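Q:
Protein chains: 2
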Amino acid sequence: MFESAEIGHAIAKETYDAEVPALREALLDAQFELHEQAGRQIIVLINGVEGAGKGETVKLLNEWMDPRFIEVRTFDSQTDEELAHPTAWRYWRQLPAKGKMGIFFGNWYSQMLQGRVHGLFKDAVLDQAINGSERLEKMLCDEGAVIFKFWFHLSKQQMKSRLKSLKDDPLHSWRISPLDWQQSKTYDKFVRFGERVLRRTSRDYAPWHVIEGVDPYYRSLTVGRLLLEGLQTALKTPHTASTVVTVAPLPTTHGDVTLLSNLDMTLSLNKDDYEEQLITEQARLSGNIRDKRMRGHALVAVFEGNDAAGKGGAIRRVAAALDPRHYNIVPIAAPSQDELAQPYLWRFWRQIPPKGKFTIFDRSWYGRVLVERVEGFCREADWLRAYGEINDFEEQLTDSGIVVVKFWLAIDEDTQLERFQAREKIPFKRYKITDDDWRNRAKWPQYRDAICDMVDRTSTEIAPWTLIEANDKRWARVKVLRTLNNALEAAFAKDKKK
Amino acid sequence: MFESAEIGHAIAKETYDAEVPALREALLDAQFELHEQAGRQIIVLINGVEGAGKGETVKLLNEWMDPRFIEVRTFDSQTDEELAHPTAWRYWRQLPAKGKMGIFFGNWYSQMLQGRVHGLFKDAVLDQAINGSERLEKMLCDEGAVIFKFWFHLSKQQMKSRLKSLKDDPLHSWRISPLDWQQSKTYDKFVRFGERVLRRTSRDYAPWHVIEGVDPYYRSLTVGRLLLEGLQTALKTPHTASTVVTVAPLPTTHGDVTLLSNLDMTLSLNKDDYEEQLITEQARLSGNIRDKRMRGHALVAVFEGNDAAGKGGAIRRVAAALDPRHYNIVPIAAPSQDELAQPYLWRFWRQIPPKGKFTIFDRSWYGRVLVERVEGFCREADWLRAYGEINDFEEQLTDSGIVVVKFWLAIDEDTQLERFQAREKIPFKRYKITDDDWRNRAKWPQYRDAICDMVDRTSTEIAPWTLIEANDKRWARVKVLRTLNNALEAAFAKDKKK
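Protein sequences, first through last, are from chains A and B. Per the working numbering, the first sequence runs over residues 1 to 498. Per the working numbering, the second sequence runs over residues 499 to 996.
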């Protein structure tokens, strides 16, 4: 969930300076028009890691837009009056009126996260709080509100150096509060519980946007663009019908660093290393699957990837390690009649392995947010809600002891072209390349956005995505096997702790 | 929530015999048409108290409709295979295909209720299960499913006599399973937790229908009518757009017993008894409000009622007992500009008392499901979702220690007419009667339905409705005061237990 926000997104000062004037003007326009309509209230929630630029961004938004229509609210410790009322009372009394924007700097999420991080309660109570905020937000959206939820993020390393550089600078050291230092100690907990909160409360009507906070130009421009996109969608959606406004993720623009562009595609293995490591990992997997601790678990591996990225070959190397009675390969093609007569997750539920078994999905439920999204086989509202539904689904799997491992096999455009051409030349491989493959290839940028959004929104602590640099097939196969082994052994180690 | 299902609803055999043929034909038609369209799956959940006719009703539905399109699923203890999979797997594998109806006899609700009743887990875990089923049902509805949730109910007394009469009848005694006897012992727990589950999972897209189970004609006809109503709505709602189908409650038909018709409107107090009891209860209230245990609580009293039912007079008798610094009266009229610029619950959140204080709402948030529903000031979808939103709201109040007491002051049509006419004659009371009052009176049947639905859906264990027989003002005033006192003292007694 935070992977994309730890890769060093940055925007050059020139780009920033060139883009800001038009963005500001458009934001002001949208703001005025919303105020004229007075049909929707805009609620902006600011959360995330200390030092990631939350305060600076809010300050900037107030400079960019007309502050008369913005109300910034901070919620620190509860006042006497607030303590004498139900918890939500403090938020209700600060709601912006329709046509205005309320920036909630600290809010119900900060409150529940602080409580959980400091051990005031356990997960079950955190889940009750999560559920309460879902109900609140759903109701607000049904009543016409538009909710933006921003999580400003830094990796642990980034946060530490940010705090350090502020401390060393006499002009800025006052900016660091004791809270900041405390959070640097509780970073791991904070991010782990934050991940649980984001996973469960990122819904189509009020999704989270995770913003990498290192570069001020990047974070400001991204927040500004998302706000603009959302406000313009809101203006287009009639508020009289209480239609819920959904904000789709922003498309990648030229020059953006993405998870995919960030991969080191030169990673490779020579033949000797490959053969040695492959055999080692295969033996390890074979042992793990037959381990008696496997009785309390099952293994689900999801293989997704670019066409011709080598999914089939990787799957064969996994299968080669195992007794056929222990695993099952499920190839996912277009749904059958029976499958079309059910919710889209049904065909996958049917194939979930019982304890002790291993199922390999050759393509998966992620088709919903990849091919179905890009090809328009389902509506935007459908794939937007699918992220939350898929997270719910995978949480049910992991709750029951299933280890879920998800692979994206990535190759670059040139490598794909080479492989397509090679396939066309080899008679027995020609069946592998169809017109569809060429058509998909033409939509490379749309697929790239879909893939990055998918990883951002469904790579969770309980079921993370592993991106595989697959230009070199040997490297890819060994990394796949090793990841499976690490995941199983981590699950076994956790059992021990209980 | 169960009040309406404990008043002895019954339908005469002749009425039943006269209505069933047309109902069956219409059900068959709807069933075929749904099967033709194959766009939606119909899921019927059967829950409730043992002995309330669950089995008989399912059997009957199979006779009435075409059993080829109905799949009845029972879920008892989990099989080995089910235990080796995630909890929801057993339900997914049994989902009916689009165009078919799946009757889930025993389902996720039975599972969580059994677990909670037998102490396998506490409320926080029950709430996690509740939240899980909400997510499941929301997703199914977004995917086009129509979900009917029936809770078959009997009062404790009714259940005991039902079981006894079956036992004494040699032809039927085999029908009673050990589970039935066990449930008669755990009745109170079962109904209490059932109430929590119903309160939290009755949502506009999948509301609960509570069916009184004593009279077989009544329960069969009611379930049949609700199914027909829902199926016909589903047929009218295009399934291609994944529009969620909402099923409004059935209107009362001539001769129906309702909570209102069931009140004994002759209840009255003579002058002496009244004066004595009034003073006693006022002194008691004054003591309770000044009690030091009040520091951990607040009191919210909601006054709703027919026009001219005597709300004002009752409120004055309450206020007369108290120091003006201790209470606050909030009259609710049409919303102001400021209030219109917020979600409808906002104006009430503002007026929630802090600990130690008492707020009297003269009309309230229930306007949403009364006047706004009847007069069409909001859309059906809005008032249908309001029941759940209001229950959430009141749960937040009670969770923070607020005692919520809700009064419906009921008078009959004749008494209202007398009072209207009397008011018109007395110059200083003339302002109390307007054209609006006469217009509302003309909509008596619509208001009756709205009132009964409101009580059915929002009278909860944590914030029950008290219906006040108000033809006699003395009786009404004393009952109001006594109810407030009982509620406060019950809250104080609970504190002690903690």
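Glycine included, C-beta positions come from ideal geometry on N, C-alpha and C. Note that this is a predicted model, so its numbers are computed, not measured.
Inspect the CB distances between the segment 622 to 632 of chain B and the segment 514 to 528 of chain B and report whether three or more fall short of 8 Å.
A: no
Q: Report the neighbours of residue 623 (chain B) on chain A: residues whose CB is nearer than 8 Å to its CB, in chain order.
A: 124
Q: Residue 74 (chain A) lies in the beta strand (DSSP E); which residues open and close that run?
A: Taken as a continuous stretch (DSSP letters only), the beta strand (DSSP E) holding residue 74 (chain A) covers 70 to 74.
Q: Less than 8 Å separating the beta-carbons of residue 579 (chain B) and residue 354 (chain A)?
A: With a cutoff of 8 Å on beta-carbon distance, residue 579 (chain B) and residue 354 (chain A) are scored as near each other.
Q: Which chain A residues sit within Cβ distance under 7 Å of residue 853 (chain B)?
A: 84
Q: What does a CB cutoff of less than 7 Å around residue 413 (chain A) pick up in its chain, not counting 5 residues either side in sequence?
A: 444
Q: Skipping 5 residues on each side, what residues in its chain have a beta carbon closer than 6 Å to that of residue 693 (chain B)?
A: 499 and 959
Q: I'd like to know if residue 596 (chain B) contacts chain A, where contact means its C-beta is closer than 8 Å to some C-beta of that chain.
A: Between residue 596 (chain B) and chain A, the shortest Cβ-Cβ separation is below 8 Å.
Q: Which bits of chain A does residue 591 (chain B) rub up against, with CB to CB less than 8 Å?
A: Correct list: 349 and 350.
Q: Given residue 100 (chain A), which residues of its chain have a CB within under 8 Å of its CB, disregarding the five upstream and five downstream residues?
A: Counting only Cβ-Cβ distances below 8 Å, and skipping sequence neighbours, we find 35, 41, 42, 69, 70 and 71.
Q: What is the DSSP secondary structure of residue 121 (chain A), counted as helix, strand or coil?
A: coil
Q: Along the segment 601 to 622 of chain B, where does the CB come closer than 7 Å to a CB of chain A? Name the residues.
A: 622
Q: Does chain A have any CB closer than 8 Å to the CB of residue 638 (chain B)?
A: yes
Q: Whose CA, out of B:621, B:826 and B:603, lies closest to the CA of residue 574 (chain B)?
A: B:603
Q: Excluding the 5 residues preceding and the 5 following residue 691 (chain B) in the sequence, name in chain order all residues of the same chain whose CB lies nearer than 8 Å to its CB.
A: 611, 614, 615 and 624
Q: Would residue 826 (chain B) pass as an interface residue toward chain A - the criterion being a Cβ-Cβ separation below 8 Å?
A: By this cut-off, residue 826 (chain B) is not an interface position.
Q: Jot down the residue ranges of each uninterrupted alpha helix (DSSP H) in the segment 540 to 602 of chain B, minimum 4 residues, whole runs only, in chain order.
A: Those alpha helix (DSSP H) runs which fall completely within the segment 540 to 602 of chain B and span 4+ residues are 552 to 562, 578 to 581 and 587 to 590.
Q: Pull up the distance between the alpha-carbon of residue 58 (chain A) and that of residue 52 (chain A), whole angstroms please.
A: 12 Å
Q: Is it buried or exposed, residue 799 (chain B), if we count other Cβ atoms within 10 angstroms and call 16 or more buried?
A: buried
Q: What is the DSSP secondary structure of residue 825 (chain B), counted as helix, strand or coil?
A: strand
Q: Do you know whose CA, among A:370, A:284 and A:409, lies nearest residue 315 (chain A)'s CA?
A: A:409
Q: Run the CB neighbour count on residue 450 (chain A), radius 10 Å, all protein chains shown included, and call it buried at 16 or more, exposed below.
A: buried
Q: Measuring alpha carbon to alpha carbon, tell me which residue in B:848, B:635, B:824 and B:665 is nearest residue 94 (chain A).
A: Nearest of B:848, B:635, B:824 and B:665 to residue 94 (chain A), Cα basis: B:848.
Q: Could you check whether residue 463 (chain A) and residue 389 (chain A) sit closer than 8 Å to each other, using their CB atoms as the reference points?
A: No, these two residues do not count as a Cβ contact at 8 Å.
Q: Taking C-alpha atoms, which residue in B:855, B:617 and B:991 lies nearest to residue 684 (chain B)?
A: B:617
Q: Would you report the Cα separation of residue 270 (chain A) and residue 473 (chain A), rounded to the nearest angstrom?
A: Residue 270 (chain A) and residue 473 (chain A): Cα-Cα distance of roughly 11 Å.
Q: For chain A, check one thing: does any of its Cβ atoms lie closer than 8 Å to the Cβ of residue 746 (chain B)?
A: no
Q: In whole angstroms, what separates the C-alpha of residue 725 (chain B) from that of residue 717 (chain B)?
A: 12 Å
Q: Taking the continuous alpha helix (DSSP H) assigned at residue 451 (chain A), which residues delimit it?
A: 444 to 458
Q: With a threshold of 16 other CB atoms inside 10 Å of the CB of residue 543 (chain A), please say whether the residue is buried or exposed.
A: Since the first residue shown for chain A is 1 and the last is 498, residue 543 (chain A) is missing from the structure and cannot be characterised.
Q: Could you list which residues in chain A have their beta carbon closer than 7 Å to that of residue 626 (chain B), in chain order?
A: 124 and 127
Q: Alpha carbons only, please: which of A:307, A:335 and A:327 is nearest the one belonging to residue 298 (chain A)?
A: A:327
Q: List the DSSP bridge partners of residue 994 (chain B).
A: The beta-bridge partner set that DSSP reports for residue 994 (chain B) is empty.
Q: So what does DSSP say about residue 356 (chain A), is it helix, strand or coil?
A: coil
Q: At what residues does the alpha helix (DSSP H) containing residue 892 (chain B) begin and finish?
A: 878 to 897
Q: First and last residue of the beta strand (DSSP E) that includes residue 405 (chain A)?
A: 402 to 410
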